[in-house]
Amino acid sequence: MNHRTSTAQTVPAPGLSDQDASSRGAAPDVRSDAELREIFRLMYTIRRFEVTLERAHLEGDLYGPFHSSMGQEAVSVGVCAALRLDDVVTSTHRGHGHAIAKGADLGRICAELWGRSTGYCRGKGGSMHIVSMDHGFVGQSPIIGGSGMLATGAALAFDLSREARVAVAFMGDGAVGQGVFHETLNLAAIWKLPAVFVVENNGYAHSFRAEQMQLNPDIATRAAGFGIPGVVVDGIDVFAVREAAGAAADRARTGGGPTLIEAKCYRWRGHNLGDAEHLYRARQEVQEARRDDPLDRFRAATSDLIPPGVLEEIEKRVAAEVDGAVRFARQSPPPDPRTALEGSL
Amino acid sequence: MNHRTSTAQTVPAPGLSDQDASSRGAAPDVRSDAELREIFRLMYTIRRFEVTLERAHLEGDLYGPFHSSMGQEAVSVGVCAALRLDDVVTSTHRGHGHAIAKGADLGRICAELWGRSTGYCRGKGGSMHIVSMDHGFVGQSPIIGGSGMLATGAALAFDLSREARVAVAFMGDGAVGQGVFHETLNLAAIWKLPAVFVVENNGYAHSFRAEQMQLNPDIATRAAGFGIPGVVVDGIDVFAVREAAGAAADRARTGGGPTLIEAKCYRWRGHNLGDAEHLYRARQEVQEARRDDPLDRFRAATSDLIPPGVLEEIEKRVAAEVDGAVRFARQSPPPDPRTALEGSL
Amino acid sequence: MIREITFVEAVREAQAEALSSDDRVFIMGQELGEYGGVFRATEGLAERFGAHRVRDMPIAEQSMLGAGVGAAVMGMRPIVEVMFMDFIACGMDAIVNHAAKVRYMSGDQMRAPMVIRTQGGSGTHHGSQHSQTLESWFLHVPGLAVVAPSTPSDVKGLFKTSIQVDHPVLFVEHRALYRTRGTVSDPVAPIPLGKGAIRRRGEDVTVVGIGKSVGQALVAARLLEEEGVSVEVIDLRTLVPLDLDLVLKSLAHTHHLVVAHEAVERGGWAGELVSRVVAEGFDELDAPPLRAGSKPVPVPFAKELEAEMIADERLIAERVRQALGIVEYAR
Amino acid sequence: MIREITFVEAVREAQAEALSSDDRVFIMGQELGEYGGVFRATEGLAERFGAHRVRDMPIAEQSMLGAGVGAAVMGMRPIVEVMFMDFIACGMDAIVNHAAKVRYMSGDQMRAPMVIRTQGGSGTHHGSQHSQTLESWFLHVPGLAVVAPSTPSDVKGLFKTSIQVDHPVLFVEHRALYRTRGTVSDPVAPIPLGKGAIRRRGEDVTVVGIGKSVGQALVAARLLEEEGVSVEVIDLRTLVPLDLDLVLKSLAHTHHLVVAHEAVERGGWAGELVSRVVAEGFDELDAPPLRAGSKPVPVPFAKELEAEMIADERLIAERVRQALGIVEYAR
Ligand SMILES: Cc1ncc(C[n+]2csc(CCOP(=O)(O)OP(=O)(O)O)c2C)c(N)n1
Ligand SMILES: Cc1ncc(C[n+]2csc(CCOP(=O)(O)OP(=O)(O)O)c2C)c(N)n1
Ligand SMILES: [Mg+2]
Ligand SMILES: [Mg+2]
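Protein sequence lines, in the order shown, are assigned to chains A, B, C and D.
Quick note on this note's numbering: the first sequence kicks off at 1 and runs consecutively.
Quick note on this note's numbering: the second sequence kicks off at 1 and runs consecutively.
Quick note on this note's numbering: the third sequence kicks off at 1 and runs consecutively.
Quick note on this note's numbering: the fourth sequence kicks off at 1 and runs consecutively.
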């Protein structure tokens, strides 16, 4: 059932204005100057954020699990650059990059990681549960497979309410072993839902390699079983990701149904802060992989498009912004303990 | 990890003798006279059983849900004919045929459906929970997807204990929507377990057609995603099923890993007794489908192999046997109520 | 105007009213569209509201419930039908880790207003995997309301509220009630969650139940009346929120309590109510409150076995006699 | 010979002993082979016993547990590790509908001897989906034993029994205990399921707990000693079977009861114990038994919030004062 055959009336989702079919158009040209800078700004922001917060965490300044998305910036940014503000994204335990790429506020993200009252979730969520409904970042599920369920449901809501919106689920390669991954792909397929499933194949599910988790490590090929397109994309190349995601989003938006995108990338850091990486991968493997840096790729691809100095300018601004966000978090008050008992039943 | 690389010692399963690798051989020739008769006897027994018990149920003589396997006799018998006594089978809510084909005792099956103390489960199981460990019928799971989990585990046990045994899961086409179906196929695949997954695609999951449940209705093609062979077989032709199952069982037994078999067949009766079939399929569709009767197919294929009168002879014996089983059930005492409180924690 | 309808008709009408009064409402489940529901609870709804709002789906409980959460978060009001309560075990993650928690975890940015309809219980000899009574699990899952009506009128009144509140509701129906009849007014007024009802006035003992157990308590009460025992029967109607006040008020004059449910007694919700009553009404109690729940075994197939382990009116009556010291307590 | 080891070392040793003494034993889970377990509970076991017996597997809780059942039915003795107790919600069907029921449903033809190891609880700020305490659900599932050790020695003694019995066992470890130390003898004698232990003798009140709550009860007891209150502390060690006798014996001289668990109080297992005690030991009680459980909300991330809702030694002490009437009861 897709919106063109649906007879349900329009129901705007809370806080987001409805659009009708006529507003469905082609994606904006990725090579516009402003967007190029924006893409770099976001990728660099994620990098800087992860570096800065990892250090703060090591210094004992914040607590709780910490899953760095360093090295996967091009996937987060490439996908979100292909989306509209009122499209939505669901995420995993490794979600900082997704939240930043979808436009969430750095200060409030930091404050959430610091468990402060000014955090997006008022300190109730933490690093694995950032949500910003205003930005269509409808949240992380650190339950492997969870993000797919939520995005499928969001896509179903858009379909039923005939909104030209797309729901994107970021998932890890580890999610492919989970039954619900298959269930949700199947539901989205038979109902032609406006959903895009992005599997960030970063080579590992904690210590586990794709080859250990399935005989057929080409995750994109799973799509065929569900009768939907499966696309493999170079997850280090933000423009390649942007293009694949744009095509999938357009397809979804115009009633074509879901797409499975496998973005091949590499997890630069340990699974989480404190992970005993040496038990399962050699430092050299990591060093080699890191030579292929999504930020360098961007610089190379855009060297003749962006005047010298511009990116350095952006880097300076971002660095200041991240430091400001950290300061904001540190200076924010902890939540009032009484709020712990509010918001449930 | 398969038995040839396993270092675990042999652990015979309870009540079943272990066999070593040398006993792995080719499947017996299906066209031996004795086996031909046995195949017919079993198929006819299932048919007769379903007809007889359905009538008894309609007459109010037994109670509880009743899922007839009429029309699917060739799948149950074809598969089990390819197995050894100590191979095991798991089943679904529609399991009478599987139990009979695996050699379970008719009287004790009937007694279980009648809820009598002489039933296989002493009246605790009923029609959807028949078990006969002595015959390697390790039981039905009417939780869709359940039989696959159990068979995968049984295959894992055989692998770990280096027994040359095979575990077969009968499943319905409805199980394909369930996530656990994919999980178990994947586990069996990566561990090269001696398992065979037989999906009886009888056209319906209750009122639901395969086309409604997945865009790609060719269930066997799912196998590719897991890197294992997927086979489609004519589920009306007992010899075709026997051959496909034999090949899959040999493969599993010799360390080749699991196979997914889709047996195309047709559910002759309503989903269960009392099903409002008319709501979703026309009587004519059923009548046409029933023209292709697995028993007639058998007769045609074997007309020049079996002397006239032989099959009629078998039919007479089976009819008497089924009546005897029903009599045994009826005459058996109900379970002692106190046993209701035994056997749990 | 007063009509008499069956329990399942009430479930159907309640859903029809929700579908027609709120575009955000839709239904997901198996066999509920063209087929009309294996218990006829959605008969005619697909024809009337369209297959997109009364959605049949493959067998996939986890993602069915999870998609319900995602849709609810984006502003819809899903009704998700889990055909047998036993199958909730296939979808626990969506309910427990997602539906119940998203509002709290997100600092109130998200809401998951959805009704999870399911039916359970014994009596049809479906065997151990199709006969469980599992609502007690969900008292232990903050964020979920648990509703269990006992009459057609309550079905409509409680459903009206359940589909309007801003949090997920587990709406539990007992299969054995579907064909029972009761009167309903048109329209039925919404019943607030957390308000129980006194079904019978009595002096000597208070019997508390939900769903099917309420009717059994009333049967037991008539039985006991002949023995000269006067029983007050309370129908909690919802377990979360819990109408403790009503129970305490009743105990203030009966001073004796029996809590009845078909769920296995061990670990069942009666333990929660007994503990609350003891903590907050100890002085009102002239004798230990007792529970009338099923024995700690799966539900067997054979009727003789089921009768031995399932809590029924006979057990309720016996517990009342024990609570009043007429006979000695024995588990 | 007496050694001091940590709780997690005890878990590791217990599994190593099971693997070496019984060929039918094997382990399944994530990150437990080459990696040695995210909490080091299986460190070195894969090297020692082979990757086929210490099996890493994809993330697929339902089929992991379901395959465990199938393997157990065919004569193996699986240890299945569910990395966080919260993820049990992804595998409930295998545990509830299969592991717990196959023996009964099959008329005793099948057995599912397996140990389901999991860890849970708060304290590491993992957030609402990685901090739950859910063992109470499983008291309500006939067919399963529920074991929750509080010391390294009990880990070994209880595990030895758990891997030998003929039924499934849910073996619950509290994450916060992994680094606590305790002495063990070599070998540790098997501890029968259903036998609690008195951890501290006292006169005025009995505090009952499992796992981490036992240590908190002991801290509370020292606190209360300074206030002149003498607390007896009982470690149940297993919830199914339940050592009610030990609790009743203790109440025969303390006449006051507090049941403590980190699980959410509403619907938690304390309700079961309180109800049993009330029904079978009412006359021993001088005051209402009270529960010290967590508040009915998910476990939040921020430490200030967690402290507000999690049951801890302060709450236990307060409940004791309330039980003794030193301060008035307030939830
Ligand atoms: C249902 C469930 N099982 C297990 C885990 C434990 N776990 C957390 S992250 C992780 C690995 C995930 O790998 P992947 O999906 O590839 O994501 P990545 O960490 O690479 O981003 C595992 C097993 C979990 N969070 N949820
Ligand atoms: C987990 C679960 N969900 C739903 C059901 C209800 N149900 C019982 S049989 C059935 C249809 C099964 O169809 P299929 O798998 O094709 O088997 P068939 O009945 O055709 O033999 C359904 C939905 C169930 N038993 N288990
Ligand atoms: Mg990964
Ligand atoms: Mg079918």
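Quick reminder that beta carbons are idealized off the backbone N, C-alpha and C, glycines included.
Keep in mind it's a predicted model, so treat the numbers as computed, not measured.
Just to confirm, does residue i get its C-beta within under 8 Å of one of the non-hydrogen atoms of ligand 5?
{"i": "B/His93", "result": "Among the ligands modelled here, namely ligand 1, ligand 2, ligand 3 and ligand 4, ligand 5 does not occur."}
Specify the secondary structure class of residue i as computed by DSSP and reduced to three states.
{"i": "B/Gln214", "result": "coil"}
{"i": "C/Gln164", "result": "coil"}
{"i": "C/Arg276", "result": "helix"}
{"i": "D/Ile88", "result": "helix"}
{"i": "B/Ser22", "result": "Unreliable placement is indicated for B/Ser22, whose pLDDT of 32 sits below 50; the coordinate value is still reported in the next sentence. Helix, per DSSP."}
{"i": "C/Tyr329", "result": "coil"}
{"i": "B/Thr221", "result": "helix"}
{"i": "B/Gly97", "result": "helix"}
{"i": "A/Phe137", "result": "strand"}
{"i": "C/Val38", "result": "coil"}
{"i": "B/Pro28", "result": "Unreliable placement is indicated for B/Pro28, whose pLDDT of 40 sits below 50; the coordinate value is still reported in the next sentence. Three-state DSSP puts B/Pro28 in coil, outside helix and strand."}
{"i": "D/Ser213", "result": "helix"}
Report the residue from the options whose alpha carbon sits nearest the alpha carbon of residue i.
{"i": "B/Arg242", "options": "B/Val75, B/Met43, B/Ser32", "result": "B/Val75"}
{"i": "A/Thr152", "options": "A/Phe197, A/Cys110, A/Arg269", "result": "A/Phe197"}
{"i": "C/Ser294", "options": "C/His255, C/Tyr104, C/Gly121", "result": "C/Gly121"}
{"i": "C/Ser63", "options": "A/Pro307, A/Asn202, A/Glu313, A/Leu185", "result": "A/Leu185"}
{"i": "C/Val169", "options": "C/Gly215, C/Ile79, C/Val205, C/Thr206", "result": "C/Ile79"}
{"i": "A/Arg41", "options": "A/Arg317, A/Asp336, A/Glu342, A/Phe66", "result": "A/Arg317"}
{"i": "C/Gln132", "options": "C/Pro58, C/Ala89, C/Leu242", "result": "C/Ala89"}
{"i": "D/Val229", "options": "D/Leu239, D/Asp204, D/Leu248", "result": "D/Asp204"}
{"i": "D/Asp154", "options": "D/His140, D/Gly194, D/Leu144", "result": "D/Gly194"}
{"i": "A/Ala240", "options": "A/Arg165, A/Arg297, A/Thr254, A/Arg267", "result": "A/Arg297"}
{"i": "A/Gly246", "options": "A/Ile46, A/Val51, A/Asp87, A/Asp33", "result": "A/Asp87"}
Between which two residues does the beta strand (DSSP E) holding residue i run?
{"i": "B/Met171", "result": "167-172"}
{"i": "C/Glu81", "result": "77-82"}
{"i": "C/Glu232", "result": "231-235"}
{"i": "D/Phe49", "result": "Where D/Phe49 is concerned, there is no enclosing beta strand (DSSP E), although the alpha helix (DSSP H) it sits in stretches over 45-49."}
Which chain G residues are close to residue i, counting only those with a beta carbon under 8 Å from its beta carbon?
{"i": "A/Thr221", "result": "Going by chain labels, chain G is absent from the structure shown, which instead holds the protein chains A, B, C and D."}
Apply the 10 Å Cβ neighbour rule to residue i and answer buried if 16 or more other Cβ atoms are within range, or exposed otherwise.
{"i": "A/His278", "result": "exposed"}
{"i": "B/Ser22", "result": "For B/Ser22, the predicted model reports a pLDDT of 32, less than 50, meaning its position is unreliable and no value from the coordinates is stated."}
{"i": "C/Thr124", "result": "exposed"}
{"i": "C/Arg48", "result": "exposed"}
{"i": "D/Pro113", "result": "buried"}
{"i": "D/Asp93", "result": "buried"}
{"i": "C/Ala14", "result": "buried"}
{"i": "C/Asp312", "result": "buried"}
{"i": "C/Arg331", "result": "exposed"}
{"i": "C/Ile326", "result": "exposed"}
{"i": "A/Arg24", "result": "Note that A/Arg24 scores 32 on pLDDT, short of 50, meaning its location in the model is unreliable; the coordinates nonetheless yield the value given after this. Exposed, because fewer than 16 other Cβ atoms sit within 10 Å of the Cβ of A/Arg24."}
{"i": "A/Ser303", "result": "exposed"}
Got a sec, what are the start and stop residues for the alpha helix (DSSP H) residue i sits in?
{"i": "B/Asn186", "result": "179-190"}
{"i": "B/Ala300", "result": "294-302"}
Any idea which residues DSSP pairs residue i with across the strands?
{"i": "B/Asn201", "result": "B/Lys264"}
{"i": "C/Thr118", "result": "C/Val82, C/Val172"}
{"i": "D/Phe26", "result": "D/Pro78"}
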